[in-house]
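The numbering of the sequence shown is our numbering, which starts it at 59 and goes up by one. Ideal placement from N, C-alpha and C gives every residue a C-beta, glycine not left out.
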Amino acid sequence: MERTVLIESSARHVHLTQEHVEILFGKGAELTFKKELSQPGQFQSEQRVDLVGPKNTLKNISILGPVRKATQVELSCTDARALGIKVPVRESGDIAGSAPVTIVGPEGSIDIPEGAIAAKRHIHLTPADAEEFGVTNGQIVSVKTEGERGLVFDNVVVRVSPNFKKAMHIDTDEANAMGYAGETYGVIVG
Ligand SMILES: [Zn+2]
59 MERTVLIESS
69 ARHVHLTQEH
79 VEILFGKGAE
89 LTFKKELSQP
99 GQFQSEQRVD
109 LVGPKNTLKN
119 ISILGPVRKA
129 TQVELSCTDA
139 RALGIKVPVR
149 ESGDIAGSAP
159 VTIVGPEGSI
169 DIPEGAIAAK
179 RHIHLTPADA
189 EEFGVTNGQI
199 VSVKTEGERG
209 LVFDNVVVRV
219 SPNFKKAMHI
229 DTDEANAMGY
239 AGETYGVIVG
């Protein structure tokens, strides 16, 4: 059996706490739904923010909802270099000691002392998918892609939850490295 997964490329984006939504967009503001994302319940909001680093500003960055317990900024290493910050590669939610950045909205701004990361590449699976593939939550696997720039991604973390839909997530640097174009699949090879 080939263990095939759809690969999706995640562009830079921000997750916010409700408190930070209100600082950036005004008292009582809430994230408003624009577009559904592949993972159930997750959405792109209509709101946007700018990110300011020591070297530069990245404008018009997506905010993904719903709100979270901690604000987190997910960047590619190219984005981080443009801003002038150094981001560690981390799993989502693991932000202790990660990079500081300034988030600017129409009504206010916040300097987060940590929270900017490059997301560790990962595969979302349901428990049934994980069983079919013979992998478990937290396992590190390798995923091979085909094509002119085909490559093997090592150190891909498997995440298992009944709330997930089967997909592998990489950032835009990784997508460019593999020649990502439209619907692309990878195969778990180890
Ligand atoms: Zn993901």
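Limits of the alpha helix (DSSP H) - the one that residue i falls within
i      : result
Val79  : Gln76 to Phe83
Glu232 : Thr230 to Ala235
Thr136 : Cys135 to Leu141
Enclosing beta strand (DSSP E) for residue i [first to last residue]
i      : result
Arg106 : Phe101 to Val110
Thr129 : Taken as a continuous stretch (DSSP letters only), Thr129 belongs to no beta strand (DSSP E), as it is neither H nor E.
Ser219 : No beta strand (DSSP E) holds Ser219; DSSP gives it neither H nor E.
Asn114 : Segment: none, Asn114 is in no beta strand (DSSP E) and carries neither H nor E.
Leu89  : Element bounds for Leu89: n/a, residue is neither H nor E.
Near ligand 3: residue i beta-carbon under 7 Å from a heavy atom
i     : result
Ser67 : The ligand content of the structure shown is limited to ligand 1, which means ligand 3 is not among them.
Could you tell me which uninterrupted alpha helix (DSSP H) segments, each at least 4 residues in length, are contained entirely in the stretch 153-209, listed from first to last along the chain? 185-191
For ligand 1, enumerate in chain order all residues having a CB closer than 6 Å to any of its heavy atoms. His180, His182 and His227
Does the pairing of the stretch 86-97 with the stretch 129-147 give three or more beta-carbon distances under 8 Å? no
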